[in-house]
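A short worksheet on the structure shown next.
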Amino acid sequence: MADKITMQVTRYRPEEESGATVQEYEVPCPKDWVVLDGLNYIKDRLDGSLSYRWSCRMGVCGSCGMTVNGEPKLTCETFLSEYGAGPVRVEPLRNFPVIRDLVVEIGDFMRKLVAVKPWIIRDQEKPLIEGEYLQTPDELEEYRQFSMCINCMLCYSACPIYGLEPAFIGPAAIALAQRYNLDSRDQGNDERLEALSVHDGIWGCTFVGECTAVCPKHVDPAGAIQRYKLTAALEELKSFVLPRKAR
Amino acid sequence: MSERHAYTDYHPRWLRSRPSTYWWLERRAYLSFITRELSSIFIAWFVVYLLLLVRAVSLGDSNYQAFLAWSRHPVVMTLNVVTAFFVLFHAVTWFNLAPKAMVVHLGHKRLPASLISAANYGAWVVTTAFVLWLLLGG
Chain A
26 MADKITMQVT RYRPEEESGA TVQEYEVPCP KDWVVLDGLN YIKDRLDGSL SYRWSCRMGV
86 CGSCGMTVNG EPKLTCETFL SEYGAGPVRV EPLRNFPVIR DLVVEIGDFM RKLVAVKPWI
146 IRDQEKPLIE GEYLQTPDEL EEYRQFSMCI NCMLCYSACP IYGLEPAFIG PAAIALAQRY
206 NLDSRDQGND ERLEALSVHD GIWGCTFVGE CTAVCPKHVD PAGAIQRYKL TAALEELKSF
266 VLPRKAR
Chain B
953 MSERHAYTDY HPRWLRSRPS TYWWLERRAY LSFITRELSS IFIAWFVVYL LLLVRAVSLG
1013 DSNYQAFLAW SRHPVVMTLN VVTAFFVLFH AVTWFNLAPK AMVVHLGHKR LPASLISAAN
1073 YGAWVVTTAF VLWLLLGG
């Protein structure tokens, strides 16, 4: 294997240029180096002006998502050696505005996340003295998969609907809504359904499926959305057929 | 969402790029998606054709024979062969989607996705066999 690899990194310096440019760097390529190690090498040794986000470097914090050779990836778990002799092209996540170099603006996702109320909603909290809300392992299993989401936004980057219709609430927000809807301790389904069973909510999704394909935590947002569509359709049917009390 | 958010706050220095016109060629899943969207016109034709068939049958034998003769026209035949292909494509998409939308429990156990998929495909095969039996042997 070559001991050096070329990284082609997208640069955008708003005070100097009006558009993105590409800068090439040669970095070492030991077999245990990930793309993020390459970026850190550039930042430390070659060009301190390069900007990008990262934190945990172990696939937990969800901050180092970027587009690597056209694919949305967590750069902390994408090995340089996967790209053979190179070059490795590193771009910011697609479908988001770029603030600088590889740093994207995530305010839109943050607002959408809050809109689906991703927390446990109770009609009435029980007094502390009655203890915690218990849950069986089977009940945990119902939503565990969706609780694995780390908000890395790779799914938004892969979703062409979000790219074309930015009002679409997007895969991760819906998967996180399902995480709470399916939690036996939660009673907020109706509130979330109101926010999600709308044109820019679950019905905006046309099942491209790439959100699930790129998810580094195997959350399966596409599955969450299709499942939610079935729930929403049944609720809608009930509201036609049944009297209010029986719903 | 009940209120439409502006994409993001206005900021003159943020770089915003629209997806390329040819974004749908970038991945196989995108191409399948856009094919499904465009081919919905053929699914609409499939429904219209079916309604025309029902109408012809209801208007009596001569109308039905005229409908069959019209259906043998090369243009209609070609259109229907293409339509059959797209109906198949949509059916497969639907059967692949079904296990994602349906979560079925048997007691405490959740049925595996493959079983739900298999049940859907199984029902499809049985229905097709029944229709073939009606047409050919019944």
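From first to last, the protein sequence lines are chains A and B. Our numbering puts the first sequence at residues 26 to 272. Our numbering puts the second sequence at residues 953 to 1090. Cβ atoms here follow ideal geometry from the backbone N, Cα and C, with glycine treated the same way. Because the structure is a prediction, the values reported are computed rather than measured.
Presumed contact (8 Å Cβ cut-off) between residue i and residue j, rounded CB distance
i       : j      : result
A/I186  : A/C230 : 6 Å
B/V1034 : B/F994 : 6 Å
B/F1041 : B/S991 : 7 Å
A/G213  : B/P971 : Not quite, the Cβ-Cβ distance comes to about 34 Å (not below 8 Å), so this is no contact.
For residue i, the three-state DSSP class (helix, strand or coil)
i       : result
A/R78   : coil
B/F985  : helix
B/H1057 : strand
A/I227  : helix
A/G90   : strand
B/V1006 : helix
A/T103  : coil
A/V139  : helix
B/M953  : Model confidence at B/M953 stands at a pLDDT of 44, short of 50, so the residue's coordinates are unreliable; what they give is reported in the following sentence. If DSSP states are grouped into helix, strand and coil, B/M953 belongs with coil.
B/L967  : strand
A/P162  : helix
A/E130  : coil
A/M32   : strand
A/R204  : helix
A/E53   : Before going on, a small fix: residue 53 of chain A reads as Pro here, not Glu. Note: A/P53 maps to strand in three-state DSSP.
B/T973  : coil
B/K1052 : helix
A/V123  : strand
A/P191  : coil
A/R252  : helix
A/E150  : coil
A/K98   : strand
Check whether residue i and residue j have beta carbons under 8 Å apart
i       : j       : result
A/L255  : A/L201  : no
A/A238  : A/I194  : no
A/R119  : A/S172  : no
A/M32   : A/V115  : yes
A/T35   : A/L127  : yes
A/V244  : A/C174  : yes
A/L61   : A/R82   : yes
B/H1060 : A/D211  : no
B/S1014 : B/F1047 : no
A/A197  : A/P246  : yes
B/A1053 : A/Q251  : yes
B/R979  : B/T1045 : no
For residue j and residue i, the rounded distance between their alpha carbons
i       : j       : result
A/A45   : A/P117  : 10 Å
A/R136  : A/K142  : 10 Å
B/A1081 : B/L1020 : 23 Å
A/I145  : B/L1049 : 29 Å
A/K29   : A/C180  : 31 Å
A/D148  : A/Y205  : 14 Å
A/V154  : A/L165  : For the record, residue 154 of chain A in the displayed sequence is Ile; it is not Val. C-alpha separation (whole angstroms): 23 Å.
A/D72   : A/E49   : 11 Å
B/H1025 : B/L1005 : 15 Å
B/W997  : A/I227  : 27 Å
B/R968  : A/I131  : 13 Å
B/Y1073 : A/L262  : 26 Å
A/D69   : B/Y982  : 38 Å
B/A1071 : A/C86   : 39 Å
A/E260  : A/A220  : 14 Å
A/D215  : A/T100  : 38 Å
A/Q170  : A/S74   : 39 Å
A/E107  : A/K242  : 19 Å
B/R965  : A/S76   : 15 Å
A/E190  : B/L1087 : 46 Å
B/L1067 : A/V113  : 41 Å
A/F134  : A/F121  : 9 Å
B/A1075 : B/W1085 : 15 Å
A/N94   : A/E40   : 27 Å
B/V1028 : B/G1012 : 21 Å
A/R335  : A/N176  : In the structure as shown, chain A starts at 26 and stops at 272, and residue 335 of chain A therefore has no counterpart that could be examined.
A/S264  : B/F1038 : 34 Å
B/A1065 : B/L1058 : 13 Å
Of the listed residues the options, nearest to residue i (C-alpha basis)
i       : options                        : result
B/L1003 : B/Y1016, B/S992, B/S991        : B/Y1016
A/E235  : B/L967, B/W976, B/S972, B/R965 : B/W976
A/G109  : A/L61, A/C54, A/L153, A/E190   : A/C54
A/M91   : A/E155, A/T103, A/Y66          : A/T103
A/K330  : A/F232, A/V59, A/I131, A/Y168  : Chain A is shown only over 26 to 272; residue 330 of chain A falls outside these bounds and no answer can be derived.
A/H224  : A/L207, A/N214, A/A257         : A/A257
A/I124  : A/D215, A/R38, A/G84           : A/R38
A/E51   : A/Y66, A/K242, A/D208, A/S43   : A/Y66
B/V1000 : B/A1018, B/E989, B/L1031       : B/L1031
B/P1051 : A/Y253, A/L267, A/P268, A/F265 : A/Y253
A/D208  : A/G84, A/T161, A/V93           : A/T161
A/D57   : A/S222, A/F265, A/L105, A/L267 : A/L105
A/Y168  : A/L218, A/G248, A/E96          : A/G248
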